[in-house]
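Peer 1: Note that the numbering used here has the sequence shown beginning at 420, numbered continuously upward.
Where a beta carbon is used, it is the ideal one built from N, C-alpha and C, also for glycine.
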Amino acid sequence: MPFVELSATSNFTFLTGASHPEELMRRAADLGLPALAIADENSVAGIVRAFCEAKEIARERGTAPRLIPAARVVTREGFTVTLLPRDRAGWGRLCRLLTKGRRAAKKGGCDLGFADLLDHAEGQEMLLHPPARPTAEWRDMAGRLARRCPGQVALILAPTYAGQDAARFARLAELARRLGVPTVASGLPMMHHGSRRRLADVLTAIRLGCRVDQLGRRALPNGEQRIRSEAEMLRLYRGHEDAIHRSAEIAARLTFCLGQLRYEYPSEIAGGESPADRLARLTAEGLDWRYPAGVPDRVHRQAAHELALIAKLRYEPYFLTVHDIVRFARNRGILCQGRGSAANSIVCYALGVTSVSPEIGTMVFERFVSEARNEPPDIDVDFEHERREEVIQHIYERYGRHRAGLCATVIHYRGKRAVREVGRAMGLSDDTLAAMSSQIWGWGGPGSLTEQRLREIGLDPADRRLWLTLQLIDEIQGFPRHLSQHVGGFVITEGRLDELVPIENAAMEDRTVISWDKDDIDALGILKVDVLALGMLTCIRKAFELIETHHGIRHTLATLPDQDARTYDMLCRADSLGVFQVESRAQMNFLPRMRPRCFYDLVIQVAIIRPGPIQGDMVHPYIRRRNREEEVSFPSDELGRVLGKTLGVPLFQEQAMQIAIIGAGFTPDEADRLRRALATFKKHGNVTALKDRFMEGMRANGYDEDFATRCFSQIEGFGSYGFPESHAASFAFLVYASAWIKCHHPGIFACALLNSQPMGFYAPAQIVRDARAHGVVVLPPCINASRWDNIMEPDGRGRLALRLGFRQIKGVAEEEALWIAAARGNGYRAVEDVWRRAGVAPATVTRLAEADCFAALGLSRREAMWQARALSGDKPLPLFAGDLDGEGIVEPAVALAEMTLGQQVVEDYVAFRLTLRAHPMALLREMV
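This is the structure:
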């Protein structure tokens, strides 16, 4: 029978394996192996990538090696065994075993005992990894496992390539006979090709925190731990051919495949009402709420069409889950807004998931849910960044941590990290690494450090150590470094999630993540709900609360006045500091040229200043056509239907993909592969073949070479960061909402923006300066008037003034600020009062004095600082703890020199990073 490698290690055994799972699968195909087991240490994080690569190989060649899912389990006793699940139930037990170990340890660790292995052994083929010198304890555990699981255990014969393998195999065969188990051959490969040996040693050095030349015996003695063909294995295992053939026998018993995973979304049955009936009822109620004057017939027809397609694809529970999450947030007063493709859906609009009506744009529901594409819908919901954790914990509480988990994000080696870690392992000095890192811009990538750049920083590219380091830096690009948590992608299941994929602890407290990232679950057809954070939603909610408090008007995102001329006038002037998405210098520069006058103009404004349109040189043609400086024309009638709404210029991600289908003749499957290849281009750089196919298709269909080149450049830009139309529409809604608040309530907008920091482009000093330019009176922090947050208060002239809060002062904690406000009573009369009554530390009182918070008491900054420095101890002595009412010892007054204006400005910036006195440059004008 043919040889099957049953225990290969990929680079998802982080800083150990020296090849990608995809490389291992492709090498197995090249060598003619019928199957390959990827078995990473206490992990299955890389097997979906191998599974996808096997499907790609089959598409290219007609056949491919079968991926055998596996994991190499290492217990706390040091007992190592490769587990290969026989069937779906065995896979579930393997996932629960890994979950148990991962949940019992800190992030990245796994704490399993031999007893745990025994409890989850049913349905597994188990390959024992014998130590170099088997101890009595190891023999006892191996014997117990063999007796507990007869017919499931085999002993691995793996060569060491030290010239003694024949004798070693004989000893291991005898050990297997005594244990009553068969032997099986495995090369235990950790790389797809021997050329990766040097990189494997570098990874080991990084893992151990030493230099490569300090590894000693911990370095690989050779490059033989690679995938081997059957012929090579038969040569190495002469006299033990039965162990070679037994690998195929074991593989034949392993019927489980990742394709058998059937994801079941939570049924969301409530009160005996079916998901379909519940969704239809909630949609009808939502439409009545959205259209109080009566639901238009066209909207009714569209809703019926959407509900029918949702029912056909059985996606009702998904929509209900999102609705319930949004309802929880709204009941808690947490502002939220659906984004992305949800803006295509009348159902999402009726459920309150999005406030953007699909009637505003030109999107169609099939871009969100498509029967033809057979892809699950993807709804992203943004929540206030300060309160998103409440929503996340609600999901865990409702479904349980065994049914819900965040997606992982794989952190890969990029330019600067690769330079630092590989360079340090190769023994380069820190100053050399800093100089090399300084030459890398953005993500970096292979070849980013050219010879010319190295010479410019005084390095010799011909130096052998440096030359080798550069090779290894290029080679490690795209290697996984560790797992992190996705920004908010939740996977929720009807049954146990930990029987579908292992769950582990995240670095953040009370967070758990699965082992797969968003691309992995997408490949397996697993639905996720994106629970994302957005600082502007926090700002808008706080602004709405301030408007209601001070003006008695209650606003929501859905009730803001639309098409407000003053708001659009303000945007046309590029008066957009702090406004969502259009506050950058690039956006401010474009606003007066774009001159938005309606909501769809804002949609384009959001989407156009992005790498996609900019890289494709689409910005200037669009603005010329909009301003009637250039005739609107289309490359063809077919593309005219795609590009009509954007004046013949592709601006949105959907348009770029449609150009590939219509213009270059891509099939929908090829367009999807192009999209995925571009999404992972920085990691794998696998877009060249698709680019050639695109250019050939555009030429064959008669399109201009320059137009084709610009279109593909735009598509590449979208692979980096591009907006679909629906996404831009959702963000444009928040652009309008934040601009409206800034236009009509500039003080409240500035106050809310300051209270939502950190967020946005601008520092508090710039926000305050902009507010004052709009006529807002800004008052300094005051010990008797300020709270933790910035507040609005009457200015004595019938208007509102912005009072800076203690949160603006460096070194003052929120808890101490709350104590100061709570103990204030009728006001503090002296610096010492704050210390005695609020119980805050003397250091905090000093920070308040440095910020000139005691000016209302008639004390200058220096006088307050003098008194604050006299305080000592965490609290007053008991005899002096009460209010002395002037009975204390009166110390002689100290005459302190008054600060100059320049000194005051400097101290303001030191204390709270802004000043209300004078611009720093104003102090220098007299000297010029």
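Rounded to whole angstroms, what is the Cα-Cα separation between D1208 and G705?
Peer 2: The straight-line gap from Cα to Cα measures roughly 36 Å.
Peer 1: Rounded to the nearest angstrom, what separates T1263 and L536 at their Cα positions?
Peer 2: Going by the C-alpha atoms only, they are around 54 Å apart.
Peer 1: Counting C-beta neighbours from all protein chains within 10 Å, is the total for H1164 16 or more, i.e. buried, or is it exposed?
Peer 2: By the 10 Å Cβ count, H1164 comes out buried.
Peer 1: Which same chain residues end up closer than 7 Å to G1224 when comparing Cβ atoms and leaving out the 5 residues on each side of it in sequence?
Peer 2: Closer than 7 Å at the Cβ level, and outside the excluded window around G1224, lie P1200, S1205, R1206, W1207, D1208, N1209 and I1210.
Peer 1: Mapping DSSP to helix, strand and coil, what is H974?
Peer 2: Residue state, collapsed to three classes: coil.
Peer 1: Out of R700, T912 and M955, which has the shortest C-alpha to C-alpha gap to I945?
Peer 2: Comparing Cα positions, the closest option is T912.
Peer 1: What whole-angstrom Cβ distance do A555 and L598 have, given they're in contact under 8 Å?
Peer 2: Not a contact, Cβ separation roughly 13 Å.
Peer 1: Alpha helix (DSSP H) containing V718: first to last residue?
Peer 2: It spans D716 to L732 - the alpha helix (DSSP H) in which V718 sits, taken as one unbroken run.
Peer 1: Please work out which residues of its chain come closer than 6 Å, Cβ to Cβ, to T432, disregarding the five sequence neighbours upstream and downstream, and give them in chain order.
Peer 2: Once the five neighbours on either side are set aside, the close Cβ partners of T432 are D459 and E460.
Peer 1: Report the three-state DSSP secondary structure of F1331 (helix, strand or coil).
Peer 2: Note: F1331 maps to helix in three-state DSSP.
Peer 1: Taking 8 Å as the threshold, find out whether the region 441-457 comes into contact with the region 606-619 through three or more Cβ pairs.
Peer 2: Yes, the region 441-457 is in contact with the region 606-619.
Peer 1: Among A993, D801 and A699, which has the Cα closest to the Cα of A748?
Peer 2: Closest option to A748, Cα to Cα, is D801.
Peer 1: Note down the Cα distance separating T986 from E928, rounded to an integer number of angstroms.
Peer 2: One C-alpha to the other measures close to 42 Å.
Peer 1: Thinking C-beta only, is P1261 closer than 8 Å to A1240?
Peer 2: Against a cut-off of 8 Å, the Cβ pair of P1261 and A1240 comes out as no contact.
Peer 1: Taking one C-beta from the region 666-673 and one from the region 698-717 each time, how about it: are there three or more such pairs within less than 8 Å?
Peer 2: Too few Cβ pairs lie closer than 8 Å, so no.
Peer 1: Ignoring anything shorter than 4 residues, give me the alpha helix (DSSP H) runs that lie fully in the region 863-937, in order along the chain.
Peer 2: Runs found: 870-875 and 883-895.
Peer 1: Which runs of the beta strand (DSSP E), 3 residues or longer, sit entirely within the region 470-557?
Peer 2: Listed in chain order, the complete beta strand (DSSP E) runs (minimum 3 residues) inside the region 470-557 are 485-493, 499-504 and 543-547.
Peer 1: Just to confirm, are L1320 and L1342 a CB contact at a threshold of 8 Å?
Peer 2: Against a cut-off of 8 Å, the Cβ pair of L1342 and L1320 comes out as a contact.
Peer 1: Can you give the beta carbon distance from L996 to V1187, rounded, assuming they're within the 8 Å contact cut?
Peer 2: Contact doesn't hold; Cβ gap of about 11 Å is too wide.
Peer 1: Span of the beta strand (DSSP E) holding F1150?
Peer 2: Where F1150 is concerned, there is no enclosing beta strand (DSSP E), although the alpha helix (DSSP H) it sits in stretches over E1144 to H1163.
Peer 1: Between the Cα of A662 and the Cα atoms of Q1185, V423 and P694, which residue gives the shortest distance?
Peer 2: Closest option to A662, Cα to Cα, is V423.
Peer 1: Mind reading off the beta-carbon distance from R630 to A638? Whole number of angstroms is fine, and I expect it under 8 Å.
Peer 2: Wrong, their Cβ atoms sit about 11 Å apart, outside the cutoff.
Peer 1: Taking only the alpha-carbon atoms, compute the straight-line gap between K1102 and K937 and give it to the nearest angstrom.
Peer 2: Here K1102 scores only 47 on pLDDT, less than 50, and its place in the model should not be relied on; the value that follows carries that caveat. The straight-line gap from Cα to Cα measures roughly 15 Å.
Peer 1: Is it the case that the region 1172-1190 contacts the region 1008-1026, given that we only count it when at least three CB pairs across the two stretches are under 8 Å?
Peer 2: Short answer: they don't touch.
Peer 1: Rounded to the nearest angstrom, what separates D743 and Y815 at their Cα positions?
Peer 2: Their Cα atoms are separated by approximately 13 Å.
Peer 1: Examine the Cβ distances between the region 831-838 and the region 893-903 and report whether three or more of them are shorter than 8 Å.
Peer 2: Taking 8 Å as the limit for Cβ pairs, the verdict is that the region 893-903 does touch the region 831-838.
Peer 1: Output the distance between the C-alpha atoms of E541 and R512, rounded to the nearest integer angstrom.
Peer 2: Whole-angstrom Cα-Cα distance: 8 Å.
Peer 1: At a cut of 8 Å, does the region 913-925 reach the region 511-529 through at least three beta carbon pairs?
Peer 2: Short answer: they touch.
Peer 1: Output the boundary residues of the beta strand (DSSP E) element that contains D1036.
Peer 2: Per DSSP, D1036 belongs to no beta strand (DSSP E) and is neither H nor E.
Peer 1: Tell me the start and end of each unbroken alpha helix (DSSP H) in the region 1168-1245 that is at least 4 residues and wholly inside, in chain order.
Peer 2: The region 1168-1245 contains these whole alpha helix (DSSP H) runs: 1183-1192 and 1233-1241.
Peer 1: Would DSSP call Q756 helix, strand or coil?
Peer 2: The answer is strand: DSSP assigns Q756 an E or B state.
Peer 1: Roughly how far, in whole angstroms, is the beta-carbon of E544 from the beta-carbon of L576, given that I think they are within contact range, below 8 Å?
Peer 2: Contact flag wrong, Cβ pair sits at about 16 Å.
Peer 1: Please classify Y987: does DSSP put it in a helix, a strand, or coil?
Peer 2: The answer is helix: DSSP assigns Y987 an H, G or I state.
Peer 1: Looking only at its own chain, which residues have a Cβ that is under 6 Å from the Cβ of T1265, when we skip the five neighbours before and after it?
Peer 2: Closer than 6 Å at Cβ, skipping near neighbours: A1287.
Peer 1: Entirely within the region 574-646 and at least 4 residues each: give me those alpha helix (DSSP H) ranges in chain order.
Peer 2: Whole alpha helix (DSSP H) segments, 4+ residues: 584-598 and 616-627.
Peer 1: Quickly, what does DSSP pair I457 with across the bridge? List them, please.
Peer 2: Answer is A427 and P488.
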